[in-house]
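From first to last, the protein sequence lines stand for chains A, B and C. For what it's worth, our numbering labels the leading residue of the first sequence as 14, then goes sequentially. For what it's worth, our numbering labels the leading residue of the second sequence as 93, then goes sequentially. For what it's worth, our numbering labels the leading residue of the third sequence as 8, then goes sequentially. No residue lacks a Cβ here, since even glycine has one placed at the ideal position from N, Cα and C.
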Amino acid sequence: MDETTVLIVWVILLPFVGAMVAFILGPRKAPIVTIITSYCIISVVAALTWQVWKYGPQRHDVGGWVAPLGIALYADGLTVLMLIMSIVVGTLVSVYALGYFTDSSISSETGKANHRSKSSFFWVLWLFLWAALNALFLSQDIFNIYITLELLTLAAVALITLEGESEAITAAIRYLLTSLVGAALFLFGVAILYANFGTLELEGLGELVQTGSLSVVAIALITMGLLLKTALFPMHFWLPPAHSNALTPVSSLLSALVIKGSFYVLLRLWFQVFPLEVTMVAGHLIGCLAAAAILWGSLAAMCQKRLKILVAYSTVAQVGYLFLLFPLAAKETHGLGAWNGAIYQTISHACAKAAMFMVVGNIIRAIGHDRIKDMKGVCQQLPVSMFAFALAGLTIMGMPPSGGFAAKWMLITTSIQSGQWWWAVILLAGGLLAAGYIFSVLKYAFIKTEIVNVPLRPVPRCMEWAPLILSLLALLIGFTPMPLDLLRIGNPFPDAVTMEVVK
Amino acid sequence: MNLESYFPLLVLLTSLLTGISIFFLDEKRSALRILLNISGSAAMFAFVIFMLWGVFHGHNYETRWSLLPGINIALRADSMAILFATLSAFLWLITSIYAIGYLEITPHRNRFFGFFSLSVSATMGIALANNLFTFFIFYEILTLTTYPLVVHQGTEKALRAGRIYIMYTFCGGAVLLIGIVWLYTLTGPFDFVEGGALRRFGEERRVALVVIFFLMILGVGVKSALVPLHGWLPTAMIAPAPVSALLHAVAVVKAGAFGIVRIVYDVYGIRFAEELNVLGPLAVLASVTIIYGSCRALYQVNLKRLLAFSTISQVSYIALGVAIVGPLATTGGLVHLIHQGIMKITLFFCAGNLSKTLHIHDINQMNGVAWRMPLTMTAFTITSLGMIGVPPLAGFVTKWYLGIGAVQANQQWVIAVLAVSSLLNAIYFLPIIYVSWFKKYEENQPEEHISGKLETRWTLLLPPLITAFLSLAAGLLAASNLSPLGWAKLIVRREYLP
Amino acid sequence: METMSLKIFYSLTSIALFGIGMYALFAYAHLLRKILAVNIMFTGISLFLVATAQRSSDSNLDPIPLALVITGIVVLVSATAFAIMMVCKLCEKTGMTQLPDEDR
Chain A
14 MDETTVLIVW VILLPFVGAM VAFILGPRKA PIVTIITSYC IISVVAALTW QVWKYGPQRH
74 DVGGWVAPLG IALYADGLTV LMLIMSIVVG TLVSVYALGY FTDSSISSET GKANHRSKSS
134 FFWVLWLFLW AALNALFLSQ DIFNIYITLE LLTLAAVALI TLEGESEAIT AAIRYLLTSL
194 VGAALFLFGV AILYANFGTL ELEGLGELVQ TGSLSVVAIA LITMGLLLKT ALFPMHFWLP
254 PAHSNALTPV SSLLSALVIK GSFYVLLRLW FQVFPLEVTM VAGHLIGCLA AAAILWGSLA
314 AMCQKRLKIL VAYSTVAQVG YLFLLFPLAA KETHGLGAWN GAIYQTISHA CAKAAMFMVV
374 GNIIRAIGHD RIKDMKGVCQ QLPVSMFAFA LAGLTIMGMP PSGGFAAKWM LITTSIQSGQ
434 WWWAVILLAG GLLAAGYIFS VLKYAFIKTE IVNVPLRPVP RCMEWAPLIL SLLALLIGFT
494 PMPLDLLRIG NPFPDAVTME VVK
Chain B
93 MNLESYFPLL VLLTSLLTGI SIFFLDEKRS ALRILLNISG SAAMFAFVIF MLWGVFHGHN
153 YETRWSLLPG INIALRADSM AILFATLSAF LWLITSIYAI GYLEITPHRN RFFGFFSLSV
213 SATMGIALAN NLFTFFIFYE ILTLTTYPLV VHQGTEKALR AGRIYIMYTF CGGAVLLIGI
273 VWLYTLTGPF DFVEGGALRR FGEERRVALV VIFFLMILGV GVKSALVPLH GWLPTAMIAP
333 APVSALLHAV AVVKAGAFGI VRIVYDVYGI RFAEELNVLG PLAVLASVTI IYGSCRALYQ
393 VNLKRLLAFS TISQVSYIAL GVAIVGPLAT TGGLVHLIHQ GIMKITLFFC AGNLSKTLHI
453 HDINQMNGVA WRMPLTMTAF TITSLGMIGV PPLAGFVTKW YLGIGAVQAN QQWVIAVLAV
513 SSLLNAIYFL PIIYVSWFKK YEENQPEEHI SGKLETRWTL LLPPLITAFL SLAAGLLAAS
573 NLSPLGWAKL IVRREYLP
Chain C
8 METMSLKIFY SLTSIALFGI GMYALFAYAH LLRKILAVNI MFTGISLFLV ATAQRSSDSN
68 LDPIPLALVI TGIVVLVSAT AFAIMMVCKL CEKTGMTQLP DEDR
């Protein structure tokens, strides 16, 4: 067993241990435990990043057991980026939650107790979710991926139910059932693959899997299952209620990280395991769904009367951008551009959408509702939040300068390079529609009102600044090619032609 | 890396930091805000003048950093960039003074001045951009930062204008983006080159290059208000006068016009564009816009809307000058970038003074108003005569060069366009001048809002006087090397050199 | 030969179970039935996995599918318990045992 790769295990273990400690120590200590755990995870991931940067992809066989019996963990540039993404979003959501769960305005004793139990469960479940997410990113074993997906779902559903009202529980049940169906489809696909090829390890599968009727069925089942969990149109029906009825920090986590988990699995499987002949045809099918998601999600967002559902529908649309990768990367020579673009989109959307949900949370905290029509005069009194919303909106619209723009630029470039200009048109149309719903909210920041001072409940400072920092990060990603350098480590397009620079 | 390579970035940061620090001020601290604003704009003006001097002596100021592999943000002060940058920096200084007076005791001044500085940054970015990618980035930032200024008043009407503005410009941006990406996929990323960067691609991919040309012209055409795409400009006049003045007479529409200049000269190159036969349609489009804008201006009652349509018409002189091949016409087009800027901003300042001081918005309220506000109306008269093209004012220089340029390029029909346009200009400007000087002033009619020793606040009075004086000087001293004409000639020498 | 046909038999049975579960999930509104339906789906998959354990008639059993099935059952049991808990909560709050129609 290699000593240096043991780090990988700690990335998963730390949040698990943290969750249990937080549970044992109870509601008062839970936030502190979470913060200490985050510090530890940050340092471990930093070390891991350095290793990957320096020595290339890292691999660790848990307990020294090698495949097929053992479980392999694997980290390359993409993994590390995803880990960093969940750290950034996760820590800032934690900071936000610190303010969110210290509500001084609740007066009754039962209300306080209720609030405290919510808070304590939030921290524990969030650490569990983090562990599941990290395990998912690091898994190199298809059955282990199934387990982590399930853990992720269970933690996410439990987080949604924290809200406690019947709408949230309904949404959570719907999400759980959908997710279980997705898991069943995925597991069936895994079973078929194992029955045929006798291995669960991704790299081994990649070498063995050949085009055949059985593997096509397996691939179709697995893909369907993951699409259900990622909420690609028309399988998005569970997402808006689930994401809009949860508590604000939970909504941020769900939209920013949880759906990215299943998307990440899809990325790994499609580009490292499945044979090209199958993915090429199916890629275009997924592309059509993605286009429908972009257009339908944006239009639905425009029609919403409540801000939180608007933001949730915006997620449906943004998921579409991610899936444009599949038709674009079908032509191997242009894969790298699309790959980079989709991952840029994943990261910048994570930051921006988390920020947006936080802002919605601030507005709800301040005025007690999120009806868009009745927001006059509020925005002028929450300038920091509104500014964060506007900046996050830039990324969502794909306007320069932002990570969303960099992603869009790469995707459009690839689509024109590979002669599939219609995806570029869809991307731009999606951007314009996004501008439609973002500005329909932003205009309230400028509307003149007779009432100069609407009575507001105070919003803690950390709740105002966490979204601002996140949206600034979403912006800054557009200014540096750093993530691309990381992504190059272990990417599935080793021989891809990079754009030559004409001086 | 030496200090010179940071200069373009420094210019951008001056207004950017000014804007950001204004956001963080307390709304009530107006003295500090004024200080920040004036010192920021003065500093920027000083930087730009320094670069002007440097570029004149052959220095090279270039900032560049990599955004994506092969895709750079490049800011470079070449002679063309400096032309636009000087105009914007100078007019920012002037307009800041004006805006301080205009917006005294109104709410949300932090927001206004903050976004005002940010839009100046964006304009500077457009001026200094040295490749299409950078140009596009700042072009979109300009849209985003001017939106809050358009909807500043927060009324239903202002929000509607904002919505229309956003719709037009975002669609334009999307089309421009497609054009740029397509071009990049054909050629790879490239920088602007004086004389044209695409010449070496020659004959191959002719059709694609023509389509891309029109996509990009369509994209920038929205901001420069070429005729079917001009709809946003008159509605956006709802914004406060300083915004109309700087942004909708100068920054935004000029950004579009400057984009056309860049695409024709530094991307395609005038010779290559001529070979592709794309300049003819552009010239026709520009001429149609010139005539159409003037015709619509005839029917306007509201002074600011009249000026808006006049802007639509006048900005297309630049496109027209660009579309006619030949150094003289190019000179005419480029110099109009400056001339139209200082003249139109004067007119908007005057319109703003009238509405702020006497609450006059419409032309039929202007009887004898010149005797109540003689200095304002003198400035108005001088510059509107300049717009008509009366020698020796700035507008005359433009029209003269465009005219002889057209003759040189053997396109006599352009002279007819110029003549008709001048006639129409005279028809809608002269009656205003007539009624304001020669009709009797009705004391009791408009209610006075600002009274004092001067006809209005000095901050409102000084800017139009300065710009009016400059538009006179630009015409009188046109032969000097330092005049806008002299600088335009320098650019033309560099563009036609190879 | 016999193992082969047995294998096909198991596979078909498992697909049938999966299908029955899937049908029931969509056909019945009562949430408890839906949860049971999901359980039947997973049972189908477990059967399929168990059937693959014997690669050929003479060799020993492959232990991995059994490990997978056991793990799968653990996951399923916890998910089921959790789902039932939520249904109870919903029933407590609203008195309903089924999901309201999506009319949003």
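ask   = Can you tell me the Cα-Cα spacing of residue 253(B) and residue 184(A), whole angstroms?
value = As a first step, residue 253(B) must be located in the second sequence, where it is residue number 161. As a first step, residue 184(A) must be located in the first sequence, where it is residue number 171. Computed Cα separation, rounded: 40 Å.
Runs of alpha helix (DSSP H) lying entirely within the segment 231 to 283 of chain B, each at least 4 residues, in chain order = 248 to 279
Cβ-based neighbour list, residue 62(C), same chain, cut-off 7 Å, excluding 5 preceding and 5 following = Mapped onto the third sequence, residue 62(C) falls at position 55. For residue 62(C), where only same-chain residues beyond five positions count, the Cβ hits under 7 Å are 69.
request  = Could you tell me the distance, in whole angstroms, from the CA atom of residue 115(A) to the CA atom of residue 129(A)?
outcome  = The residue you call residue 115(A) lines up with position 102 of the first sequence. The residue you call residue 129(A) lines up with position 116 of the first sequence. Roughly 9 Å separates the two Cα atoms.
inquiry  = Among the candidates 79(C), 74(C), 42(C), whose CA atom is the shortest distance from the CA of residue 89(C)?
reply    = Here the question's residue 89(C) lines up with position 82 in the third sequence. It is 42(C).
message = On the DSSP letters alone, give me the boundaries of the beta strand (DSSP E) that residue 164(B) sits inside.
response = Taking the first residue of the second sequence as position 1, residue 164(B) is located at position 72. Note, residue 164(B): beta strand (DSSP E), 163 to 168.
message = For a test of the three-state rule: what should DSSP assign to residue 562(B), helix, strand or coil?
response = As a working mapping, residue 562(B) is identified with position 470 in the second sequence. Of the three classes helix, strand and coil, the one that applies to residue 562(B) here is helix, per DSSP.
task = Give the range of the beta strand (DSSP E) segment to which residue 74(A) is assigned.
result = Position 61 of the first sequence, counted from the first residue, corresponds to residue 74(A). First-last of the beta strand (DSSP E) with residue 74(A): 71 to 74.
message = Please report whether the beta-carbon of residue 31(C) lies at a distance below 8 Å from any beta-carbon of chain A.
response = The sequence position of residue 31(C) within the third sequence is 24, counting from 1. Answer no: the Cβ-Cβ gap between residue 31(C) and chain A never drops below 8 Å.
task = State yes or no: is the beta carbon of residue 233(B) nearer than 8 Å to at least one beta carbon in chain A?
result = The residue given as residue 233(B) occupies position 141 in the second sequence. Judged by the 8 Å Cβ criterion, residue 233(B) is in contact with chain A.
request  = State the Cα-Cα distance for the pair residue 381(A) and residue 338(A), rounded to the nearest angstrom.
outcome  = By one-based count along the first sequence, residue 381(A) stands at place 368. By one-based count along the first sequence, residue 338(A) stands at place 325. When only Cα atoms are considered, residue 381(A) and residue 338(A) end up about 40 Å apart.
ask   = For residue 82(C), does the three-state DSSP call read helix, strand or coil?
value = Here residue 82(C) is taken as the residue at index 75 of the third sequence, counted from 1. Correct three-state label for residue 82(C): helix.
ask   = Rounded to the nearest angstrom, how far is the Cβ of residue 402(B) from that of residue 382(B), given a contact under 8 Å?
value = If you number the second sequence from 1, residue 402(B) lands on position 310. If you number the second sequence from 1, residue 382(B) lands on position 290. Not really, about 11 Å apart at Cβ, beyond 8 Å.
key: Residue span of the alpha helix (DSSP H) that contains residue 352(A), given as start and end   = By one-based count along the first sequence, residue 352(A) stands at place 339. Looking at the DSSP string, the run of the alpha helix (DSSP H) that includes residue 352(A) is 348 to 380.
query = Since residue 286(B) is in the beta strand (DSSP E), which residue starts that stretch and which ends it?
reply = For the purposes of this step, residue 286(B) is identified with residue 194 of the second sequence, where counting begins at 1. It is not in any beta strand (DSSP E) - residue 286(B) carries neither H nor E in the DSSP assignment.
Proximity winner among 197(A), 244(A), 290(A), relative to residue 156(A) (alpha-carbon distances) = The sequence position of residue 156(A) within the first sequence is 143, counting from 1. Nearest of 197(A), 244(A), 290(A) to residue 156(A), Cα basis: 197(A).
Residues from the segment 73 to 91 of chain C in contact with chain A, defined by Cβ distance under 8 Å = Within the segment 73 to 91 of chain C, the residues whose Cβ lies closer than 8 Å to some Cβ of chain A are 75, 78, 79, 82, 85, 86, 89, 90, listed in chain order.
ask   = Using CA coordinates, which residue listed in 69(A), 101(A), 205(A) is at the minimum distance from residue 55(A)?
value = Taking the first sequence and counting its residues from 1, one reaches residue 55(A) at position 42. Closest by alpha carbon: 101(A).
query = Of all Cβ atoms in chain A, is any one closer than 8 Å to the Cβ of residue 93(C)?
reply = For the purposes of this step, residue 93(C) is taken as residue 86 along the third sequence, with counting starting at 1. For residue 93(C), the answer is yes, since a Cβ of chain A falls inside 8 Å of its Cβ.
request  = Return the CA-CA distance between residue 101(B) and residue 155(B), expressed in angstroms with no decimal places.
outcome  = Walking along the second sequence from the start, residue 101(B) turns up at place 9. Walking along the second sequence from the start, residue 155(B) turns up at place 63. Those two C-alpha atoms are separated by around 6 Å.
request  = Could you tell me whether any Cβ in chain A is nearer than 8 Å to the Cβ of residue 15(C)?
outcome  = Within the third sequence, numbered from 1, the residue matching residue 15(C) stands at position 8. Closer than 8 Å: no.
query = Hey, quick one: how far does the beta strand (DSSP E) through residue 155(B) stretch, first residue to last?
reply = One-based indexing of the second sequence puts residue 155(B) at position 63. Element bounds for residue 155(B): 154 to 160.
Near-chain B residues of the segment 430 to 450 of chain A (beta-carbon distance less than 7 Å), N- to C-terminal order = 430, 437, 441, 444, 445, 448
request  = Give the secondary structure of residue 450(A) by DSSP, where H, G and I count as helix, E and B as strand, and everything else as coil.
outcome  = Taking the first residue of the first sequence as position 1, residue 450(A) is located at position 437. Three-state DSSP puts residue 450(A) in a helix.
ask   = Going by beta carbon distance, what residues of the same chain come within less than 8 Å of residue 366(A), once the five residues before and after it are set aside?
value = For the purposes of this step, residue 366(A) is taken as residue 353 along the first sequence, with counting starting at 1. Within the same chain, residue 366(A) has close Cβ partners 265, 268, 269, 324, 327, 328, 331, 405, 409.
request  = Evaluate the contact criterion for the segment 219 to 230 of chain B versus the segment 360 to 376 of chain B: three or more CB pairs, one atom per stretch, below 8 Å.
outcome  = no
task = Look at residue 40(A) and residue 133(A) and say whether their C-beta atoms are less than 8 Å apart.
result = Walking along the first sequence from the start, residue 40(A) turns up at place 27. Walking along the first sequence from the start, residue 133(A) turns up at place 120. Cβ distance < 8 Å, so residue 40(A) and residue 133(A) count as in contact.
query = How big is the Cα-Cα spacing for residue 501(B) and residue 414(B)?
reply = In the second sequence, residue 501(B) corresponds to position 409, counting from 1. In the second sequence, residue 414(B) corresponds to position 322, counting from 1. So the two alpha carbons sit approximately 12 Å from each other.
request  = Can you tell me which of 461(A), 495(A), 484(A), 501(A) puts its alpha carbon nearest to the alpha carbon of residue 250(B)?
outcome  = The count along the second sequence starts at 1 and reaches residue 250(B) at position 158. Minimum Cα distance to residue 250(B) is reached at 461(A).
request  = Please report how far the alpha carbon of residue 97(B) lies from the alpha carbon of residue 157(B), in whole angstroms.
outcome  = Translated into the one-based positions of the second sequence, residue 97(B) becomes position 5. Translated into the one-based positions of the second sequence, residue 157(B) becomes position 65. Residue 97(B) and residue 157(B): Cα-Cα distance of roughly 11 Å.
Backbone CA spacing between residue 26(C) and residue 48(C) [nearest angstrom] = Counting from one through the third sequence, the residue named residue 26(C) turns up at place 19. Counting from one through the third sequence, the residue named residue 48(C) turns up at place 41. Distance between the alpha carbons of residue 26(C) and residue 48(C): 7 Å.
Nearest to residue 168(A) (by Cα), restricted to the options 69(A), 188(A), 312(A), 23(A) = What you label residue 168(A) is simply residue 155 of the first sequence in a count that begins at 1. It is 188(A) whose Cα lies nearest to the Cα of residue 168(A).
Interface flag, residue 386(A) vs chain B, CB-CB below 8 Å = Position 373 of the first sequence, counted from the start, is the residue given in the question as residue 386(A). So, not an interface residue.
query = Hey, would you say residue 444(A) sits closer than 8 Å to residue 490(A), going by beta carbons?
reply = Stepping through the first sequence from its first residue, residue 444(A) is reached at position 431. Stepping through the first sequence from its first residue, residue 490(A) is reached at position 477. Not closer than 8 Å, so no.
Test: residue 48(C) CB closer than 8 Å to a CB of chain A = Taking the first residue of the third sequence as position 1, residue 48(C) is located at position 41. For residue 48(C), the nearest CB of chain A lies under 8 Å from its own CB, placing it at the interface with that chain.
query = Going straight from the alpha carbon of residue 511(A) to that of residue 179(B), what length do you get?
reply = As a first step, residue 511(A) must be located in the first sequence, where it is residue number 498. As a first step, residue 179(B) must be located in the second sequence, where it is residue number 87. Because residue 511(A) carries a pLDDT of 43, less than 50, the predicted location of this residue cannot be relied on, and the following value inherits that uncertainty. The alpha-carbon of residue 511(A) is positioned some 40 Å away from that of residue 179(B).
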